[in-house]
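Novice: Under this note's numbering, think of the first position of the sequence shown as 84, with each following residue one higher.
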Amino acid sequence: MTPDSPSAPSSPPQSALGRRTVLGAVAAAPVLAGLPSAASASAAPPAGRGTPRRLRGGGDLGPNVIVFDPSTPGIQARLDEVFARQESAQFGTGRYQLLFKPGTYHGLNAQIGFYTSISGLGLSPDDTTINGDVTVDAGWFDGNATQNFWRSAENLAVVPVNGTNRWAVAQAAPFRRMHIRGGLNLAPSGYGWASGGYIADSRVDGTVGPYSQQQWYTRDSAVGGWTNAVWNMVFSGVEGAPAQSFPEPPYTTLDTTPISREKPFLYLDGDRYRVFLPALRRNARGVTWGNGTPRGTSLPLDRFYVARPGDSAATLNQALDQGLHLLLTPGIYRVDQPLRVDRPNTVVLGLGYATLIPDNGATALRVADVDGVRLAGFLIDAGPVTSPTLLEIGPNGSSRNHSANPITVQDVFIRIGGAGPGKATTSMVVNARHTVIDHTWVWRADHGDGVGWDTNRCDYGVVVNGHDVLATGLFVEHFNKYDVQWFGERGRTIFFQNEKAYDAPDQASIQNGPVKGYAAYKVGDRVTEHEGWGMGSYCYYNVNPGIVQHHGFAAPERPGVRFHHLLVVSLSGHGQYECVINDTGAPTSGTATVPSKVVSYP
Numbered sequence: 084m085t086p087d088s089p090s091a092p093s094s095p096p097q098s099a100l101g102r103r104t105v106l107g108a109v110a111a112a113p114v115l116a117g118l119p120s121a122a123s124a125s126a127a128p129p130a131g132r133g134t135p136r137r138l139r140g141g142g143d144l145g146p147n148v149i150v151f152d153p154s155t156p157g158i159q160a161r162l163d164e165v166f167a168r169q170e171s172a173q174f175g176t177g178r179y180q181l182l183f184k185p186g187t188y189h190g191l192n193a194q195i196g197f198y199t200s201i202s203g204l205g206l207s208p209d210d211t212t213i214n215g216d217v218t219v220d221a222g223w224f225d226g227n228a229t230q231n232f233w234r235s236a237e238n239l240a241v242v243p244v245n246g247t248n249r250w251a252v253a254q255a256a257p258f259r260r261m262h263i264r265g266g267l268n269l270a271p272s273g274y275g276w277a278s279g280g281y282i283a284d285s286r287v288d289g290t291v292g293p294y295s296q297q298q299w300y301t302r303d304s305a306v307g308g309w310t311n312a313v314w315n316m317v318f319s320g321v322e323g324a325p326a327q328s329f330p331e332p333p334y335t336t337l338d339t340t341p342i343s344r345e346k347p348f349l350y351l352d353g354d355r356y357r358v359f360l361p362a363l364r365r366n367a368r369g370v371t372w373g374n375g376t377p378r379g380t381s382l383p384l385d386r387f388y389v390a391r392p393g394d395s396a397a398t399l400n401q402a403l404d405q406g407l408h409l410l411l412t413p414g415i416y417r418v419d420q421p422l423r424v425d426r427p428n429t430v431v432l433g434l435g436y437a438t439l440i441p442d443n444g445a446t447a448l449r450v451a452d453v454d455g456v457r458l459a460g461f462l463i464d465a466g467p468v469t470s471p472t473l474l475e476i477g478p479n480g481s482s483r484n485h486s487a488n489p490i491t492v493q494d495v496f497i498r499i500g501g502a503g504p505g506k507a508t509t510s511m512v513v514n515a516r517h518t519v520i521d522h523t524w525v526w527r528a529d530h531g532d533g534v535g536w537d538t539n540r541c542d543y544g545v546v547v548n549g550h551d552v553l554a555t556g557l558f559v560e561h562f563n564k565y566d567v568q569w570f571g572e573r574g575r576t577i578f579f580q581n582e583k584a585y586d587a588p589d590q591a592s593i594q595n596g597p598v599k600g601y602a603a604y605k606v607g608d609r610v611t612e613h614e615g616w617g618m619g620s621y622c623y624y625n626v627n628p629g630i631v632q633h634h635g636f637a638a639p640e641r642p643g644v645r646f647h648h649l650l651v652v653s654l655s656g657h658g659q660y661e662c663v664i665n666d667t668g669a670p671t672s673g674t675a676t677v678p679s680k681v682v683s684y685p
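(1) Look at the alpha carbon of G460 and the alpha carbon of F359, and state the distance between them as a whole number of angstroms.
(2) Taking 8 angstroms as the cut-off, does the segment 574 to 585 touch the segment 553 to 562 (at least 3 CB pairs, one atom from each stretch)?
(3) For the candidate residues A283, S319 and T412, whose alpha-carbon lies nearest to that of P146?
(4) Where does P208 fall in DSSP's three states?
(5) What are the start and end residues of the alpha helix (DSSP H) that includes E164?
(6) Would you check if the distance between the CB atom of M618 and the CB atom of L649 is smaller than 8 angstroms?
(7) If you run the structure through DSSP and keep just helix, strand and coil, what is T667?
(8) Span of the beta strand (DSSP E) holding L448?
(9) Among D288, W314 and G289, which one has its Cα closest to the Cα of Y300?
(10) List the DSSP bridge partners of Y684.
(11) Kindly indicate which residue of G140, A390, R161 and D225 has the alpha-carbon position closest to the one of V150.
(12) Closest to L382 by CA distance: which of G673, G353 and L349 is it?
(13) Would you mind sorting S395 into buried or exposed? The rule is 16 or more other CB atoms within 10 Å of its CB.
(14) If you draw a straight line from the C-alpha of F496 to the C-alpha of G503, how long is it?
(15) From S481 to R302, what does the alpha carbon distance come to, in whole angstroms?
(16) Which residues does DSSP list as the beta-bridge partners of H550?
(17) Keeping to the same chain, check which residues put their C-beta closer than 8 angstroms to that of G117; ignore five residues upstream and five downstream.
(18) Can you tell me whether DSSP reads A675 as helix, strand or coil?
(19) Starting from Q268, follow the alpha helix (DSSP H) in both directions and report where the run begins and ends.
(20) For G205, tell me which candidate among E237, N227, T199 and F224 has the shortest Cα-Cα distance.
(21) According to DSSP, is Q580 helix, strand or coil?
(22) How about the segment 209 to 227 and the segment 264 to 283: do they share at least three Cβ pairs that are nearer than 8 angstroms?
(23) Rounded to the nearest angstrom, what separates S200 and R260 at their Cα positions?
(24) Give me the residue from D494, G501 and T472 with the minimum Cα distance to V513.
(25) Report yes or no: do three or more beta-carbon pairs, one from the segment 366 to 383 and one from the segment 278 to 287, lie closer than 8 angstroms?
(26) Cβ of D442 within 8 angstroms of Cβ of G466?
(27) I think G320 touches G289, with their Cβ atoms under 8 angstroms apart; what is that distance to the nearest whole Å?
(28) Out of G157, G246 and S202, which has the shortest C-alpha to C-alpha gap to L434?
(29) Keeping to the same chain, check which residues put their C-beta closer than 7 angstroms to that of S125; ignore five residues upstream and five downstream.
(30) Could you tell me the distance, in whole angstroms, from the CA atom of L399 to the CA atom of N625?
Structural data, given as structure tokens:
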């Protein structure tokens with residue numbers, strides 16, 4: 084995406100910064116010694132004439148899951164080899180998962196590139212300690228970190244070499260269940276442009292320095308300190324978070340998170356793999372793993388169909404129909420029909436940014452109106468034929484009460500265009516009640532291949548019809564019409580980041596009846612209860628800088644619909660906002676890239 088300045092500041096900035104600048108398989112042996120191979124896992128004899136063979140669970144995790152233990156020779160060389168392939172492969176096809184068995188590792192610098200996930204295999208981050216660094220920087224992009232997407236770190240303790248670890252990322256780059264025994268720097272070296280990001284269930288013993296990061300959301304964690312803010316820093320359930328002070332500095336601080344359930348993760352129980360399913364928490368604060376074994380349950384790997392790239396949608400649906408969960412190993416999966424998650428408590432877990440691409444206008448994945456489904460850790464890429472939707476959580480009209488065991492959608496990212504032509508009408512629809520959306524980036528591409536106002540057309544980003552839905556860490560950008568529409572009652576959003584579509588050709592193309600432009604976040608006219616905290620919308624109309632957007636947020640004016648800490652920003656004057664929400668809030672003006680803010684509404 085495009086910044087409002089071509090060069091980076093030479094020191095840590097304390098004020099508004101610009102956005103993005105437009106850009107134009109390591110082989111490894113199977114990793115599960117002693118377990119059946121992938122071939123044997125899916126090659127059970129047929130049950131009878133005309134009956135599909137029964138699929139087995141378990142098996143090896145394939146060549147792009149690379150497992151280390153402290154005695155593995157050449158760890159640094161292997162890490163460097165993966166990074167060399169992935170450092171600048173923004174729209175490439177490589178996908179990698181790096182797994183570290185419990186133990187202590189010395190002298191490593193794990194540089195994490197695109198579509199690369201690094202994780203420890205203990206029940207606690209402290210089971211796997213790296214004396215070294217887990218690094219994201221922006222040398223590949225001249226010190227600009229605003230395109231450091233699609234990578235993750237999870238379940239590790241890190242003792243940084245110089246006392247501070249660097250994690251300079253943008254969207255879709257979660258930092259979960261990490262213990263940094265030192266400080267954490269979220270800016271690139273040189274303190275260039277940065278636009279992130281998300282931390283959850285993590286402990287940073289020292290100070291977190293966001294520096295040039297324009298926005299950030301931290302949930303259910305503990306920090307030794309936090310240094311500064313640019314536009315929008317949001318905390319919920321974070322021990323050590325700065326006191327609430329929006330608008331200056333722009334800190335939004337909630338003492339607890341109303342509902343949270345951490346992402347499922349792979350771990351080792353002896354020499355066997357299991358998937359841990361963390362328990363639901365209410366009014367959560369701090370990490371889940373600080374006092375012994377975390378609360379939750381686990382499943383053995385043989386309860387999962389270990390999917391490999393090349394598996395068809397029919398095969399994946401057969402596994403689901405048999406009662407197996409899905410573990411999507413790294414790679415790209417083309418699906419010509421929706422994956423159907425119809426069973427309560429089903430887990431669909433991706434490793435290394437496993438990617439679903441629907442063919443022939445299919446929906447990639449549909450969840451029934453059932454309890455406890457967990458979707459986590461994968462990417463959905465729109466195909467070249469328009470899909471009505473890409474991800475559906477509950478069918479239209481879903482009404483069951485899931486409050487005791489909600490559906491969770493975590494680190495599930497959606498992309499329209501960028502890696503090639505892609506189209507959809509709506510990216511994500513949430514119909515099921517009580518769904519928790521915990522960190523997503525839903526992105527209509529503004530750069531890459533197959534990008535243009537009608538080339539990668541998608542009118543709507545996220546549509547929420549279900550009641551009692553909670554979003555923690557909602558990033559939705561660049562849709563042709565509304566980025567978010569929320570029709571369900573009692574919806575709540577903690578942190579929202581948005582950019583309006585860059586490429587609108589003229590004012591008429593975004594005209595919404597009598598209103599100039601479609602709001603980034605629209606609450607339905609009939610909704611009586613809704614609440615949001617720490618929410619920002621930016622515009623950068625680079626094709627036609629004269630476009631005017633009336634407001635970033637739109638909502639019915641009634642006491643039960645409340646917003647706290649809103650802002651809109653015109654990036655270098657490419658387009659302008661007249662108001663922040665409805666007809667309230669000062670307009671943006673000029674080229675200074677200064678936010679217009681509303682502390683509370685109404």
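Where a beta carbon is used, it is the ideal one built from N, C-alpha and C, also for glycine.
Specialist: In this structure, then:
(1) Here the question's residue 460 lines up with position 377 in the sequence shown. Here the question's residue 359 lines up with position 276 in the sequence shown. C-alpha separation (whole angstroms): 14 angstroms.
(2) yes
(3) Counting from 1 along the sequence shown, the entry for residue 146 is found at position 63. Residue T412 is the option with its Cα nearest to P146.
(4) The residue labelled residue 208 in the question sits at position 125 within the sequence shown. Correct three-state label for P208: helix.
(5) On the sequence shown, residue 164 is found 81 positions in, with the first residue counted as 1. Per DSSP, E164 belongs to the alpha helix (DSSP H) from I158 to Q169.
(6) Against the sequence shown, residue 618 aligns to sequence position 535. Against the sequence shown, residue 649 aligns to sequence position 566. Cβ atoms of M618 and L649: closer than 8 angstroms.
(7) Locating residue 667 in the sequence shown gives position 584, where the first residue counts as 1. Residue state, collapsed to three classes: strand.
(8) If you number the sequence shown from 1, residue 448 lands on position 365. That run of the beta strand (DSSP E) goes L448 to V450.
(9) Residue numbering aside, residue 300 sits at position 217 when the sequence shown is read from its first letter. The shortest C-alpha separation from Y300 is found at W314.
(10) Start at 1 with the first residue of the sequence shown, and residue 684 comes out as number 601. According to DSSP, which records beta bridges pairwise, Y684 is partnered with F646.
(11) Here residue 150 corresponds to residue number 67 of the sequence shown, with the count starting at 1. Answer by Cα proximity: R161.
(12) In the sequence shown, counting from the first residue as 1, residue 382 sits at position 299. With distances taken between Cα atoms, L382 lies closest to L349.
(13) Indexing the sequence shown from 1 puts residue 395 at position 312. Exposed, since its Cβ has fewer than 16 Cβ neighbours within 10 Å.
(14) Start at 1 with the first residue of the sequence shown, and residue 496 comes out as number 413. Start at 1 with the first residue of the sequence shown, and residue 503 comes out as number 420. For F496 and G503, the distance between alpha carbons rounds to 16 angstroms.
(15) Within the sequence shown, residue 481 is the residue found at index 398, counting from 1. Within the sequence shown, residue 302 is the residue found at index 219, counting from 1. Between S481 and R302, the C-alpha separation is close to 29 angstroms.
(16) The residue you call residue 550 lines up with position 467 of the sequence shown. Beta-bridge pairing links H550 to no other residue.
(17) Translated into the one-based positions of the sequence shown, residue 117 becomes position 34. With a pLDDT of 27 at G117, under the threshold of 50, the modelled position of this residue cannot be trusted, and the question is left open.
(18) For this step, residue 675 is matched to residue 592 along the sequence shown. A675 falls in the coil class under three-state DSSP.
(19) Within the sequence shown, the letter at position 185 stands for residue 268. Note that residue 268 is Asn in the sequence shown, not Gln. Not the alpha helix (DSSP H): N268 falls in the beta strand (DSSP E), residues G266 to N268.
(20) Position 122 of the sequence shown, counted from the start, is the residue given in the question as residue 205. The option with the nearest alpha carbon to G205 is E237.
(21) Residue numbering aside, residue 580 sits at position 497 when the sequence shown is read from its first letter. Three-state result, Q580: strand.
(22) yes
(23) For the purposes of this step, residue 200 is taken as residue 117 along the sequence shown, with counting starting at 1. For the purposes of this step, residue 260 is taken as residue 177 along the sequence shown, with counting starting at 1. Each residue's Cα considered, the two are about 13 angstroms apart.
(24) As a first step, residue 513 must be located in the sequence shown, where it is residue number 430. Looking at the Cα atoms, T472 is the closest of the given residues.
(25) yes
(26) Here residue 442 is taken as the residue at index 359 of the sequence shown, counted from 1. Here residue 466 is taken as the residue at index 383 of the sequence shown, counted from 1. Yes, the Cβ-Cβ distance between D442 and G466 is below 8 angstroms.
(27) Here residue 320 is taken as the residue at index 237 of the sequence shown, counted from 1. Here residue 289 is taken as the residue at index 206 of the sequence shown, counted from 1. About 20 angstroms separates the two Cβ atoms, so there is no contact after all.
(28) For this step, residue 434 is matched to residue 351 along the sequence shown. Nearest C-alpha to L434: S202.
(29) Working through the sequence shown from its first residue, we reach residue 125 at position 42. Model confidence at S125 stands at a pLDDT of 38, short of 50, so the residue's coordinates are unreliable and nothing is read from them.
(30) Translated into positions along the sequence shown, residue 399 becomes position 316. Translated into positions along the sequence shown, residue 625 becomes position 542. Rounded to the nearest angstrom, the two C-alpha atoms are 42 angstroms apart.
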